[in-house]
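Residue numbers (the numbering used here): 588 to 794.
Idealized CB from N, CA, C, for every residue including glycine.
Read through the structure below, which is laid out as structure tokens, and then see the notes.
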Amino acid sequence: MSTISIIGTGGMARTIGARAIAGGNTVEIMGRDQAKADDLAKTLGGSATTGEWGTAPAGDVVIMALLHDGVVPTVAQYGDALAGKVIVDISNPFNSTFDGLTHSEETSIAQEVAKAAPADAKVVKAFNTIFRHVLEAGRPDVFTAGDDAQAKARVAAFIESLGMRPLDVGGLKMAHWLEGAGVVTVGLAHHGVGNVNFALGITELPV
């Protein structure tokens, strides 16, 4: 299995970390508040360890489990410490009414991360269309987007270790549309479905 570094100490960091350990991965937690990082690693147990904020993550795959407005600044702060890493952005830049995105142009947090990251780092968008408790208890499809095939393959292998199905939607420019799908998910929760106990997925017909 893989060594995964998770930057962040919130709910998604906890959920992905727990599933990662259950899937046989080694997990490193990194947070601005070292005490919170230590507490989360202790709660996760198993292979969970902590790293020092801003230093090179131990994992080759680094999951940015942060609110959308903190992702790019954190990547910029880490700088060369992320050289050669696969950076996974899971954020959703929702507007204040949760019916649109904070950016009006055709970009995404993941694309902005790619601009801020070292040249040899690879960026993949994933997990952003899944509510946290569904990720915790279910086996939803996980949509991914990225420009590097090897990076997406590594993220896909990690997703499979969680007992979930990775589905590649294309290059990193598709991250914009995955963020839009996150908005659709919230709209369904408020209207068509009426609850948050679901995830978007693909149903295949027999060939």
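Margin query: For a test of the three-state rule: what should DSSP assign to Phe-745, helix, strand or coil?
Written below: helix
Notebook entry, point to check: Arg-726 lies in the beta strand (DSSP E); which residues open and close that run?
Noted result: Taken as a continuous stretch (DSSP letters only), Arg-726 belongs to no beta strand (DSSP E), as it is neither H nor E.
Note to self: Can you tell me whether Asn-784 is buried or exposed? The criterion is at least 16 other CB atoms within 10 Å of its CB, across all chains shown.
What the structure shows: exposed
Notebook entry, point to check: Which class does Arg-619 belong to by DSSP, given the choice of helix, strand or coil?
Noted result: coil
Check: Taking the C-alpha atoms as reference points, what is the distance between Ala-736 and Val-673?
Finding: 11 Å
Next item on the list: Measure from the alpha carbon of Ser-589 to the alpha carbon of each residue in Ala-635, Thr-772 and His-720, then state which is nearest.
Entry: Ala-635
Margin query: Going by DSSP, what residue range makes up the alpha helix (DSSP H) through Asp-755?
Written below: Looking at the DSSP string, Asp-755 is not in any alpha helix (DSSP H); the run it does join, the beta strand (DSSP E), is 752-755.
Note to self: Rounding to the nearest angstrom, what Cα-Cα distance links Ala-624 and Val-780 in this structure?
What the structure shows: 36 Å
Item checked: From Glu-699, Asn-682, Gly-646 and Val-649, residue whose alpha carbon lies closest to that of Pro-660 -> Glu-699
Next item on the list: Taking all protein chains shown into account, decide if Leu-669 is buried (16 or more other Cβ within 10 angstroms of its Cβ) or exposed.
Entry: Per the 10 Å Cβ criterion, buried.
Next item on the list: Within 10 angstroms of the Cβ of Lys-629, are there 16 or more other Cβ atoms? Answer buried if so, exposed if not.
Entry: It is exposed - the Cβ of Lys-629 has fewer than 16 other Cβ atoms within 10 Å.
Notebook entry, point to check: In chain order, which continuous runs of the alpha helix (DSSP H) of length 4 or greater are located wholly inside the region 654-733?
Noted result: 655-665, 696-703 and 719-724
Note to self: Need the endpoints of the alpha helix (DSSP H) that Met-599 sits in, please.
What the structure shows: Where Met-599 is concerned, the enclosing alpha helix (DSSP H) stretches over 598-609.
Checklist line | Local conformation of Val-649 per DSSP, three classes | finding: strand
Item checked: Per-residue DSSP class, three states only, for Ala-643 -> coil
Next item on the list: Could you tell me which of His-720, Val-614 and Val-729 sits nearest to Asn-782, measuring between CA atoms?
Entry: His-720
Check: Do Gly-646 and Ile-591 have their C-beta atoms within less than 7 Å of each other?
Finding: yes
Next item on the list: Put Thr-790 into one of helix, strand or coil per three-state DSSP.
Entry: coil
Next item on the list: Please go through the same chain and pick out, in chain order, the residues whose beta-carbon is closer than 8 Å to the beta-carbon of Ser-748, but skip the five residues on each side of it.
Entry: Met-588, Ser-589, Ala-607, Gly-610, Gly-611 and Asn-612
Next item on the list: Return yes when at least one heavy atom of the ligand ZN lies under 6 Å from the C-beta of Glu-791, else no.
Entry: You won't find the ligand ZN in this model; it holds no ligand whatsoever.
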